[in-house]
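For my numbering, add 728 to where a residue sits in the sequence shown, where the first one is 1.
Don't be surprised by glycine CBs; every beta carbon is placed ideally from N, CA and C.
Structure first, commentary second.
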Amino acid sequence: MDDAIHSAARTYALHIVLARRQHLTVGRLGDFTFPAGRYIYTGSARKNLAARVKRHLSTDKKLRWHIDYLLASPSASVVLVQLFDKDECLVNQHHGGVVVVPRFGASDCRQGCGSHLKRLS
729 MDDAIHSAAR TYALHIVLAR RQHLTVGRLG DFTFPAGRYI YTGSARKNLA
779 ARVKRHLSTD KKLRWHIDYL LASPSASVVL VQLFDKDECL VNQHHGGVVV
829 VPRFGASDCR QGCGSHLKRL S
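Right, dumping it as structure tokens:
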């Protein structure tokens, strides 16, 4: 993964497939139902983007960020990671999709994204 990350990259998009519908508690956000399907999650890291992405792909971690709760589900798998040198909110707003969980990954968002996780299908 380190070789794939160039110095300008600061934003990532995780393409996730959820094989089965899941009822999950997402930290302080609460309980939500995630329909089966394809999702995209947009995140960023000011420093060490490679470590952040590797952490998300790991199965041995403490649940810290909203995305950790979804990725901890045995039904969830990351099928593609994209890297960008653009602002996280711009990348997120570029993708279509439907918000399933308001404020997911966007607790500190100042651009009105609503959520940084979208269901694509």
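Positions of the beta strand (DSSP E) runs, each at least 3 residues long and wholly inside the stretch 798 to 845, are given as 804 to 812 in order along the chain. Leucine 785: not part of any beta strand (DSSP E); member of the alpha helix (DSSP H) spanning 777 to 785, first to last residue. In the three-state DSSP reduction, aspartate 788 falls in the coil class, being neither helix nor strand.
Sixteen is the threshold: when 16 or more other Cβ atoms of the shown chains lie within 10 Å of the Cβ of arginine 847, as they do, the residue is buried. As the crow flies, the alpha-carbon of alanine 747 is around 30 Å from that of aspartate 813. Spanning the alpha carbons of leucine 845 and valine 829 requires a straight line of approximately 7 Å. Excluding residues up to 5 positions away in sequence, Arg783 and Asp796 lie with their Cβ nearer than 8 Å to the Cβ of lysine 789 in the same chain. Rounded to whole angstroms, the gap between the alpha carbons of aspartate 815 and isoleucine 744 is 20 Å. Between the C-alpha atoms of glycine 765 and glutamine 821 there is a straight-line separation of about 20 Å.
Taking C-beta separations shorter than 7 Å and ignoring five residues to either side along the sequence, the partners of glutamine 810 in its chain run Tyr740 and Ala741, following chain order. Only exposed fits glycine 840, as fewer than 16 other CB atoms lie within 10 angstroms of its CB.
Under the three-state reduction of DSSP, arginine 847 is assigned to strand.
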